[in-house]
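Under this note's numbering, the first residue of the sequence shown carries the number 4, and numbering increases by one thereafter. Yeah, the Cβ is synthetic: ideal placement off N, Cα and C, and Gly gets one too.
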Amino acid sequence: LAQMRLFVLRRGVEFFCEQDSYGNRVEFLKKIYDDNMLEMKLESIIDYFLCDGQGLFYFRPSGDSYQLLYFPKDSYRAYRNQNSEITQVELIYSFAVKEPNMADPYAMPNQRGGRKKYIRLKVYKDRIEQQISNEKIEFEQASGMPTMSQQGEVSTVTNSLGFIPAVE
C-alpha cells in the first residue's frame, strides 16, 4: 500500500473525458483541478481511497466554475440502475456557520466561534433535495434501518445541469 500511495502521489490524478474532440473538456477539468488546489488535498484523498477502496468526487456548481469535493466511503451513497449508471447520489457532510448571537447554551460552538451544522444532499438528474440540521445526520439508525425522519430544514431545487455531477 505504501508503494501504491507513493506512486499515485508522484504521478498525480488525471481526469479524462470519454469524448473530447477538441480538447476543451480536458482543459476545463485541468482548470477546475488547479482552481480547487487539489494537489494540496491529494494526499488525504489517496489515503482514504487506499483504505476504503472507493470514494466519490462531486462537482458542485459555483458561479462559472465548480467546487470539487471528495467524499470517503462513509460520507456518501451512490445508487445505480441496471446499466451501472448513477441515478442518485446522497451526500452527508458538516460545515460551520458563524452566528452573531451565541447566547444559546446548547449551541456548541467550535474553536472558531461558529456552530456546526450538518447537510444531506440527495442529487438526482432533475432535482437536488437539501436537508440542513443542527443534529448529526446519519444514513442509517443504530439498528441498521434507514432513517425515515430526521429534524432539519428540507428544500428542493431544480438541477439545471440535467445530470449528476459526480464520479465514483
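### Task
Assign residue 120 to one of two classes, buried (16 or more other C-beta atoms within 10 Å of its C-beta) or exposed (fewer than that).
buried
### Message
Are the CB atoms of residue 48 and residue 69 within a distance shorter than 8 Å?
### Response
no
### Message
Give me the residue from 123, 85, 78 with the minimum Cα distance to residue 55.
### Response
78
### Task
Check the DSSP bridge columns for residue 122 and list the partner residues they point to.
96, 135
### Proximal residues to residue 134 (C-beta, below 6 Å), its chain only, five neighbours per side dropped
123, 155, 157
### Task
Starting from the Cα of residue 72, find the closest Cα among 95, 91, 165 and give me that residue.
95
### Message
Quick check on residue 78: does DSSP put it in helix, strand or coil?
### Response
helix
### Query
Got a sec, what are the start and stop residues for the beta strand (DSSP E) residue 16 sits in?
Segment: none, residue 16 is in no beta strand (DSSP E) and carries neither H nor E.
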